[in-house]
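Each residue of the sequence shown is one higher than the one before, counting from 1 in my numbering.
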Amino acid sequence: MNLIKFSRIALIALLTLSCSLCPAQETPSHQTFPVDPNRITIDFPGGPLSKLILILRADKSSDLSIINPEKLDPILPAFSVHNQLPAAVIGALSQVLRPQGYLLSMMSPSPSLAVLTRAEPNQSKDGFAVFQLGFKLGNQSVEEITAAIQTACEFAGGDAGKLRFKFHPGTKMLFAAGPQLTIDHIVRQVINSLPDSPPKTPPPTDCKDCND
């Protein structure tokens with residue numbers, strides 16, 4: 001066997017051994033993405049609210065919680081939602097529960113918290129609420145926020161004509177007066193659904209002793 005033929009055989013054997021030692025690369029069947037806890041995906045077969053609460057508690061990918069202080073347990077129809085904001089889900093469920101005499105109100109957007117109460121007759125009387133807009137302004141103005149509330153009232157059948165707003169610039173508080181049911185059911189949900197504006201970076205201060 002000459003030297004050239006031997007070198008070719010050795011090279012082929014080396015390549016074969018190298019390929020056998022390389023781990024096989026698995027081709028993923030599908031690409032997965034992290035679950036957004038700020039959105040909800042759920043298939044509810046229908047049943048009492050307590051059943052939905054148990055499903056939400058078991059779902060570690062969602063941060064939506066429903067508080068039921070009076071142990072009320074209305075019946076919900078079957079529904080399916082995919083990648084929806086908690087405020088939108090709560091708003092839809094509240095529309096279903098309202099004819100049954102219940103109120104499902106969004107109290108906090110993140111982590112998402114809703115409260116179920118019974119709709120008492122006095123909910124139609126005038127009420128008052130204060131909303132802190134300090135973290136909401138920047139993405140939208142006060143006028144845009146109140147306009148969105150008016151639009152939501154007209155769409156949801158609330159009494160938008162009786163709502164009154166007053167903004168205090170120094171404290172960035174929005175005072176709302178009008179039908180208590182409209183304030184609790186619509187105004188609060190609209191404001192809680194607004195995204196928080198990013199914190200403002202303070203301007204750099206002059207420093208004469210700082211090194212360049």
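Each residue gets a CB set at the ideal place from its N, CA and C atoms; glycine is no exception.
What you are looking at is a predicted structure, and each value in this text was computed from that prediction instead of being measured.
Query raised in the report: Of all the options Leu64, Pro48, Asp196, which has the alpha carbon lying nearest to the alpha carbon of Leu72?
Result: Comparing alpha carbon positions, the residue from Leu64, Pro48, Asp196 closest to Leu72 is Pro48.
**Report entry** Which residues DSSP lists as bridging Ile40, in chain order
**Finding:** Ile40 is bridged to Gln84.
Requested in this report: Please confirm if the segment 72-85 is in contact with the segment 181-191, defined as three or more CB-CB distances below 8 Å between the two stretches.
Outcome: Taking a cut-off of 8 Å on C-beta distances, the segment 72-85 does not touch the segment 181-191, as fewer than three cross pairs fall below it.
Query raised in the report: Of the choices Arg98, Asp196, Gln189, whose alpha-carbon is the least far from that of Pro86?
Result: Pro86 has its Cα closest to that of Gln189, out of Arg98, Asp196, Gln189.
Report task. Find the nearest neighbour of Ile115 within the set Thr151, Gln140, Arg98, Ser65, judged by alpha-carbon distance. Result -> The question names Ile, but residue 115 is Val in the sequence shown. In this structure, Ser65 is the residue among Thr151, Gln140, Arg98, Ser65 with its C-alpha nearest to the C-alpha of Val115.
Query raised in the report: In whole angstroms, what is the alpha-carbon distance linking Lys51 and Arg57?
Result: Lys51 and Arg57 have their alpha carbons spaced roughly 10 Å apart.
Requested in this report: Might you give, ordered along the chain, the residues of its own chain that have their beta carbon closer than 6 Å to the beta carbon of Val141, omitting 5 neighbours on each side?
Outcome: The sequence shown places Ser at residue 141, not Val. Result list for Ser141: empty, nothing under 6 Å.
Query raised in the report: By a C-beta neighbour count over all protein chains shown, 10 Å radius and 16 as the cutoff for buried, is Lys220 buried or exposed?
Result: Beyond the ends of the chain as shown, which are 1 and 212, falls residue 220; an answer cannot be given.
Query raised in the report: Cβ of Lys166 within 7 Å of any heavy atom in the ligand FMN?
Result: Absence of the ligand FMN from the depicted structure is noted, as is the absence of any ligand whatsoever, leaving it without description.
Report task. Sort Met106, Leu97, Gly138 by Cα distance to Arg118 and report the nearest one. Result -> The shortest Cα separation from Arg118 among Met106, Leu97, Gly138 belongs to Leu97.
Query raised in the report: Is Phe135 helix, strand or coil when you go by DSSP?
Result: Residue state, collapsed to three classes: coil.
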